[in-house]
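Numbering (this note's numbering), first residue to last: 23 to 136.
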């Protein structure tokens with residue numbers, strides 16, 4: 023999970039779509055493990071979060087925020103959404119993830135409801 027986030031933060035070049043997707047997914051898992059689940063979450067991801075409880079540290083959350091912010095601002099993934107003409111929906115989803123990461127209570131066990 024941390025490797026994709028680290029790669030986004032250390033990449034000097036333009037962020038390619040595959041790396042962006044991996045970093046977004048890793049950040050989403052970080053938010054979920056901190057008890058900040060999105061409105062929609064696939065059952066298999068929900069099951070994984072329950073089976074792998076982990077209260078992320080403040081540093082992990084901050085790195086996730088930085089990585090997602092970088093993908094949001096300038097990346098191939100953002101360019102693809104803009105080219106498709108529906109970047110506003112993607113930006114709303116990314117902003118929701120950033121908001122949930124910001125609300126994450128680091129070190130606390132996740133509190134999930136069905």
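C-beta atoms are modelled at their ideal positions from N, C-alpha and C, and glycine is treated no differently. Because the structure is a prediction, the values reported are computed rather than measured.
C-beta atoms of residue i and residue j nearer than 9 Å
i: residue 56; j: residue 126; result: yes
i: residue 119; j: residue 103; result: no
i: residue 92; j: residue 117; result: no
i: residue 41; j: residue 67; result: no
i: residue 115; j: residue 36; result: no
Other residues of its chain near residue i: CB distance less than 6 Å, five sequence neighbours each side excluded
i: residue 54; result: 71
i: residue 38; result: 98
i: residue 123; result: 53, 83, 86, 87
Same chain, Cβ closer than 8 Å to residue i, neighbours up to 5 away in sequence not counted
i: residue 85; result: 24, 27, 28, 31
Buried versus exposed, by CB contacts within 10 Å (16 or more), residue i
i: residue 106; result: exposed
i: residue 111; result: exposed
i: residue 100; result: buried
i: residue 34; result: exposed
i: residue 90; result: buried
i: residue 73; result: exposed
Simplified DSSP state of residue i, which is helix, strand or coil
i: residue 38; result: coil
i: residue 56; result: coil
i: residue 122; result: helix
i: residue 102; result: helix
i: residue 62; result: coil
i: residue 108; result: coil
i: residue 96; result: coil
i: residue 89; result: helix
i: residue 77; result: coil
i: residue 33; result: coil
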